[in-house]
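Engineer:
Residue numbers (the UniProt record's numbering), protein chains in the order written: chain P, 1 to 487; chain Y, 1 to 487; chain B, 1 to 487.
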């Protein structure tokens, strides 16, 4: 698909025009070198010039390349460029870094900015920047700018805050690049030592890594429940009574499956937190590391929640579309035809059941929407920690309870109706309710005063073992004094 | 509820590993002291080390605490730490600040950063930081970092812009902490003098303070209208005709109540602005302070609007769910049974009324959605002042007008139908329409050319009294010159 | 409409109170001058004082003005103020800049910050700031602060990141204003030389410039399709059979029009990208400039997409509201009355058609919602380039395909039914399907391996002509080396 990056980066000489007379005032500004003459190099040169820097571009063929750069930039040989600048951007493919080895003497003692990206995610290292640092041990290598596209560079910083992740083993080199970033209008983010460069190089290559497990989980649950419902609602009538209700496959069956997935996923948002609490209660300290699976689970609760919300919202739209379908109309006409004079048309229990479960469903959806809106980055940034916890925990448990009530009301007394056990399979809602009920009961258990008190003590830093070992008055005092002062 | 903060802050020695050889290059970086050894202190130390600072931690029991800190940090006695560092974080509970008094000589002339939080909101002062400043009059106290959790500190600054609010009476101390913030990857926000510290300490403790009035108002209106509708629609048929329609309580009654609340709340968004305009017209200047209630009302218009939108959206979902209910189906079957041969089935007026009011309702909801989306922080940030005003005012009044039209069309000619006055109570829509009509008429009044002109003059700084008193040509000139240059 | 800006900026002496004793510590902070005493000037003074600066305000009538400024600010004559400060804000109307000419000697060599705005958009220049620079050739003019309202200045920087756009021909003057911005809590954005000042002055005056074409396009399509549908669905039955179905105008006709607009607009999102790709294939290079219309079209794809989403969402609500209308109820009752004993009530084909197209429609809406959420600034900022492209391109084409399938299923075999050709006009869906099918076929064409390969080569910088002319091994090497290193 053609994207922004694929568009040519136009040389807009007008924009920079008429500034020749400024050269005098700019001659005292630092000189920045750029090696390479590709798109990124051109955009970078343009931006640096417009931020008031003197730019010198190193090219293997300066005459040919000159036309692609703003006229304020000097395009010269690589050796010339390297010797003039104290800070040099290397905008060449990492596989061609070695061709720069001949510049080693002129780059010694200078700051090299490695803007390169890998072709695929690299978990083992070494990173491009680390390899470069090995090649040029006498230069200070800074990793950065690889997450910014040439297009964003050229378009300028108006487009909200564009972060630039930087790392280096030399703090002076890093701080000079940091200043440069700021002057160009970007927001530098210090990622520490050069060992972080691998992570920085992987950043632009990853494709929703935190969403992989939640999406797979949603798909798995969807397929599972869909097959189960297909078996019970479509296949069973066909096999046992020869009734063909295959028309239910696109909407009705999907609409029973979606809320099941939504509710189970919502329970999966709150279960890991409960596991963590019980783990801490059991181990009597908060300084024991959680098992890996729990850590990973805890980290993707937000994504689980949003998948749950998506399913719930789709369920709402599917449900609302039910009465407008031809099948609903035809069923009604059939009902009218089969209606006899003495029939009781109004079934009070049916009416109440539906009024109540529709109500509960709408309220659950409303609460889930609040949660979803609060997880938007800009909204989450504008609330404080206490507010965020209130929404995500208190409102979240309300949503879970309401969704559970919605399902219980939908079930009503059908759990005790043998007709519902088609093929001996229990109704879907019974399977669905297991995890939410476990989560709600677990949460209730943590509200028992003695448990709650113990948990709170553990979370303020109290440890079962330490508590027993060092029961000296002096240490006790230290214990209080040194504890977390920030909750 | 178990939250992120409750998780142990794991000592990940690998992350910082292999950097021993950097010490030489880091020895020239400033030394930062930290008093206290709790979670916050540990996370802070880790972050400072990874940002290239030398860290010295003051502990009452250095040997025991050492294990919790990165190995690049020096853990020593409190006196030792205080004497080495020029900038000292006090990460101890505020109630233990006094235990630091023995360090007074070694802290003199140094910058102390108070990261403490209160336990509950404190409106009267003095703040922890002010008390600390009184305790250490020879040190420069900076308040800050209290809004950042230990977890956010450890996880790093990747998570969008994390603001740190700072205040101090010493501008040099504040600027050094500001630099430190930036180097750690946070966004420092200068809040002025130490007298702001009370506000900064209250920040993480408040729970949606700006939402309290709007939510209470919504709840109050909801209960009021719900009872009114219950009386008219459920109780009246039961009392007068013995008809039991209690099944209407969960959905039908709620669905008449929600739009009432939504419309009244929407009118309440625009009324304070009108009050302000008429107040300015009346007092003939914009430099008279508004009454307090008006100031507070003006400040929470956005929240009123969002509450209104929530009610409107729920109303839409409730309305759309009406035909899928059993009760709708049963009513239809009853209608079919009671339908006689000669009956006119198609009532043109009824059809037109409903087509029109549904239409108007959908359009009002669409406009309200635009308003709601524009009030998201990130969207509001990306529009300029003129665009924001256009959306919030022009589009807003369109939404209010459309919602009023929706209600008027819903009412149709029922206001003149005595049957609608059950228990002598007028239909709900009549009560609801009062405030929106006042708002719309008030807005129209401000469009009268002479009024509009006068208001505009007042808002450009013209004052009735001043105008009369100083009618000298010279002053007139000054008057124009000195006025707001920025609209 | 009364807005925030129209409120008086209250002099809150309490806030700044009690800080007299700080003057000693502040005396070493820089002195900032402000010319003019309007609202903006007052707010600026207040903010500068609270950020720790010494402020001196130049007024033509210092005695009268003093009362409006914080007591820490010195209000004096303009000459006095100009001579004291090294950095002077000019907060007077641009038409009164000339009155400052008498201060020329005392302003020489100083930095002047022009905060003025124009009254209307100015495309031709010169800007206010450029005129000022001509007036004061010996001062360094910096343009900025014009996008910030007096209200935002006074309220402080808590409200997320408020950007300040700066430009100047003097980099030292610009960097000192940049520092000032940061210390006041704003985010300075360097826009380059003073020639950008025209753009900066136009910023607060523009009203959704990027939305004009998409909204006009949406309106045009809406009117076109509405008239077409009115002709076919309402006028034709009236003219040919005398049947009055004018009640369809508010909802039914709109609900056929909206999805048409939505689908055409969605196709218009993807067509310019395809045009660009074919243009590049045809010209054999990516360094040829696109025609102007294509450039402008490419730039507003996001807005086209959001307009499409709005129409699609409204279409969903309109569709869901269909069965709750009186007209639907009356039609059903009519159908019941006309139903005869032998009639086949259940039409399997009708049922399947509707189940399928409703399904496809809901899925298309779901995918469009994902696209819409991802285009929120804060969400777009938090995904990397690869993720953004995946969503906007892959998910986008899925949505387009699904919406096309929805329309095809809606059409079913009606395209071949002569009854549908009322007034000889083809059914709407046939007209609507043209552009989406072109877009999908164009996209498929780009997937043909040889085409895809050629396009990819072009986008990595390969050029047809250059490739032929310079086929020297040396140049080939340079070609690889100098190409974009950042994709």
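Positions of the beta carbon are idealized from the N, C-alpha and C atoms, including for glycine.
Model, not experiment: these values are computed from the prediction.
Can you tell me which of 37(B), 53(B) and 142(B) puts its alpha carbon nearest to the alpha carbon of residue 60(B)?
Structural biologist: For the residues 37(B), 53(B) and 142(B), the minimum Cα distance to residue 60(B) belongs to 37(B).
Engineer: For residue 35(Y), list the residues DSSP reports as bridge partners.
Structural biologist: Note: residue 35(Y) sits in a beta bridge opposite 58(Y) and 90(Y).
Engineer: Hey, is residue 221(B)'s beta-carbon within less than 7 Å of any beta-carbon in chain Y?
Structural biologist: Judged by the 7 Å Cβ criterion, residue 221(B) is not in contact with chain Y.
Engineer: When we look at the beta-carbon of residue 292(Y) and count the other beta-carbons within 10 Å, is it buried (16 or more) or exposed?
Structural biologist: It is exposed - the Cβ of residue 292(Y) has fewer than 16 other Cβ atoms within 10 Å.
Engineer: According to DSSP, is residue 121(P) helix, strand or coil?
Structural biologist: Looking at residue 121(P) - three-state DSSP - the assignment turns out to be coil, as it is neither helix nor strand.
Engineer: May I ask you to report which of helix, strand or coil DSSP gives residue 188(Y)?
Structural biologist: In the structure shown, residue 188(Y) sits in a strand (DSSP, three-state: E or B).
Engineer: Are residue 86(P) and residue 49(P) touching if we call contact CB-CB under 7 Å?
Structural biologist: Not in contact: residue 86(P) and residue 49(P) (Cβ atoms no closer than 7 Å).
Engineer: I'd like to check one pair, residue 385(B) with residue 116(P): are the Cβ atoms closer than 7 Å?
Structural biologist: Cβ atoms of residue 116(P) and residue 385(B): not closer than 7 Å.
Engineer: On a Cα-Cα basis, can you pick out the residue from 144(Y), 153(Y) and 152(Y) that is closest to residue 167(Y)?
Structural biologist: Nearest option by C-alpha distance: 144(Y).
Engineer: Tell me, please, whether the CB atom of residue 378(B) is closer than 7 Å to any CB atom in chain Y?
Structural biologist: At least one chain Y Cβ lies under 7 Å of residue 378(B).
Engineer: Cβ of residue 230(P) less than 7 Å from any chain B Cβ?
Structural biologist: No, its Cβ sits nowhere closer than 7 Å to a Cβ of chain B.
Engineer: Going by DSSP, which residues form a beta bridge with residue 75(P)?
Structural biologist: In DSSP, residue 75(P) forms a bridge with 57(P).
Engineer: From 349(Y), 195(Y) and 69(Y), pick the residue whose C-alpha is nearest to that of residue 130(Y); which is it?
Structural biologist: Comparing Cα positions, the closest option is 195(Y).
Engineer: For chain Y, check one thing: does any of its Cβ atoms lie closer than 7 Å to the Cβ of residue 286(B)?
Structural biologist: Residue 286(B) does not count as touching chain Y.
Engineer: Short of 8 Å Cβ to Cβ, which residues in the stretch 203 to 218 of chain B face chain Y?
Structural biologist: So the close ones are 203, 204, 205, 206, 207 and 208.
Engineer: Identify whether residue 169(P) lies in helix, strand or coil by the three-state DSSP scheme.
Structural biologist: Residue 169(P) falls in the coil class under three-state DSSP.
Engineer: Take residue 410(P) and list the residues in its own chain whose beta-carbon comes closer than 7 Å to its own, dropping the five residues that flank it on each side.
Structural biologist: Cβ within range, chain order: 357 and 429.
Engineer: Checking contacts by CB at 7 Å: is residue 334(B) closer than that to chain Y?
Structural biologist: By this cut-off, residue 334(B) is an interface position.
Engineer: Would residue 298(B) and residue 258(B) qualify as a contact pair, given that the criterion is a beta-carbon distance under 7 Å?
Structural biologist: No, Cβ-Cβ distance for residue 298(B) and residue 258(B) is not below 7 Å.
Engineer: Within 8 Å, do at least three Cβ pairs link the stretch 357 to 375 of chain Y to the stretch 277 to 293 of chain Y?
Structural biologist: These segments do not touch.
Engineer: Is there at least one non-hydrogen atom of the ligand MN closer than 6 Å to the beta-carbon of residue 325(B)?
Structural biologist: The ligand content of the structure shown is nil, which means the ligand MN is not present either.
Engineer: Closest to residue 296(P) by CA distance: which of 108(P), 178(P), 211(P) and 69(P) is it?
Structural biologist: Answer by Cα proximity: 211(P).
Engineer: Quick check on this structure: which residue in 343(Y), 106(Y), 163(Y) and 183(Y) has the alpha carbon closest to the alpha carbon of residue 137(Y)?
Structural biologist: Among 343(Y), 106(Y), 163(Y) and 183(Y), the Cα nearest to that of residue 137(Y) belongs to 106(Y).
Engineer: Just tell me which of 98(P), 96(P), 451(P) and 95(P) has its CA closest to the CA of residue 277(P).
Structural biologist: Among 98(P), 96(P), 451(P) and 95(P), the Cα nearest to that of residue 277(P) belongs to 451(P).
Engineer: To the nearest whole angstrom, what separates the beta carbons of residue 304(Y) and residue 204(Y), a pair I think is in contact under 8 Å?
Structural biologist: Between residue 204(Y) and residue 304(Y) the Cβ distance is about 26 Å, and since that is not below 8 Å, they are no contact.
Engineer: Alpha helix (DSSP H) containing residue 501(B): first to last residue?
Structural biologist: Nothing can be reported for residue 501(B), as the shown portion of chain B is limited to 1 through 487.
Engineer: Going along the chain, which residues of the stretch 346 to 366 of chain B sit with their C-beta nearer than 9 Å to a C-beta in chain P?
Structural biologist: Answer set for the stretch 346 to 366 of chain B: 346, 347, 348, 350, 351, 352, 353, 354, 355, 356, 358, 359, 360, 361, 362, 363, 365 and 366.
Engineer: Please state if the CB of residue 58(Y) and the CB of residue 81(Y) are separated by a distance shorter than 7 Å.
Structural biologist: Result yes, Cβ atoms of residue 81(Y) and residue 58(Y) sit closer than 7 Å.
Engineer: At which residues does the alpha helix (DSSP H) containing residue 239(B) begin and terminate?
Structural biologist: Per DSSP, residue 239(B) belongs to the alpha helix (DSSP H) from 236 to 241.
Engineer: Among 248(Y), 198(Y) and 449(Y), which one has its Cα closest to the Cα of residue 348(P)?
Structural biologist: Out of 248(Y), 198(Y) and 449(Y), 248(Y) has the C-alpha closest to the C-alpha of residue 348(P).
Engineer: Quick check on residue 423(P): buried or exposed, where buried means 16 or more other Cβ atoms within 10 Å of its Cβ?
Structural biologist: So residue 423(P) ends up on the exposed side.
Engineer: Given that a residue counts as buried once 16 or more other Cβ atoms are within 10 Å of its Cβ, and exposed if not, what is residue 417(Y)?
Structural biologist: Its Cβ having fewer than 16 others within 10 Å, residue 417(Y) is exposed.
Engineer: Can you list, in chain order, the residues of its chain with a C-beta nearer than 6 Å to that of residue 375(P)? Leave out the 5 residues immediately preceding and following it.
Structural biologist: Excluding sequence neighbours, residue 375(P) sits near 302.
Engineer: Can you give me the C-alpha to C-alpha distance between residue 163(Y) and residue 188(Y), rounded to a whole angstrom?
Structural biologist: If you take the alpha carbons of residue 163(Y) and residue 188(Y), they lie about 6 Å apart.
Engineer: If we count the other Cβ atoms within 10 Å of its Cβ and call it buried at 16 or more, is residue 436(Y) buried or exposed?
Structural biologist: Burial call: buried.
Engineer: Could you tell me the alpha carbon to alpha carbon distance between residue 326(Y) and residue 397(B), rounded to whole angstroms?
Structural biologist: The straight-line gap from Cα to Cα measures roughly 39 Å.
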